[in-house]
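*Asks:* Its first residue numbered 100, the sequence shown is counted upward by one per residue in the numbering used here.
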Amino acid sequence: MAAFNYNTEAELFPAAIRKKKRAGFAYRRFPTAAEAVQFAIEQLPADSLNGAYLQVDEARFDQSGIRTLYESEAFPLARNRPEPVAAPEDEKQTATG
Numbered sequence: 100m101a102a103f104n105y106n107t108e109a110e111l112f113p114a115a116i117r118k119k120k121r122a123g124f125a126y127r128r129f130p131t132a133a134e135a136v137q138f139a140i141e142q143l144p145a146d147s148l149n150g151a152y153l154q155v156d157e158a159r160f161d162q163s164g165i166r167t168l169y170e171s172e173a174f175p176l177a178r179n180r181p182e183p184v185a186a187p188e189d190e191k192q193t194a195t196g
């Protein structure tokens with residue numbers, strides 16, 4: 100992927116066709132693409148992100164593109180994804196081992 104400027108203004112649009120009247124979010128403008136990407140991945144429910152798109156200048160990014168931007172080594176913000184919950188079996192092994 101070509102160099103992406105995370106400091107450019109960005110717009111996040113909900114899915115064009117929504118089954119529910121309120122699909123979790125409405126159109127939002129962000130001062131930086133990094134903030135828009137972080138909001139989309141960390142705060143939107145998965146069903147709201149499905150069908151949504153991010154527009155930065157003339158480029159559009161669907162759910163997959165937004166996720167790629169978030170997972171990029173160039174992503175400038177701290178990622179705040181919740182840690183996976185340990186399974187009970189893992190806790191037993193940690194306690195005994």
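Heads up, the beta-carbon is just placed ideally off N, CA and C, and yes, glycines get one too.
Ordered along the chain, which non-local residues of its own chain (more than five positions away) have a Cβ less than 7 Å from that of D161?
*Replies:* If we look at D161 and ignore the five residues flanking it on each side, its Cβ neighbours are Y152.
*Asks:* Considering Cα atoms alone, identify which of N149, A145, D156 and A177 is closest to F129.
*Replies:* Cα-wise, what sits closest to F129 is D156.
*Asks:* Is the separation between the beta-carbon of L176 and that of Q137 shorter than 8 Å?
*Replies:* yes
*Asks:* Select from R127, A133, L148 and F112 the residue whose C-alpha is nearest the C-alpha of S163.
*Replies:* L148
*Asks:* With DSSP as the reference, label L176 as helix, strand or coil.
*Replies:* coil
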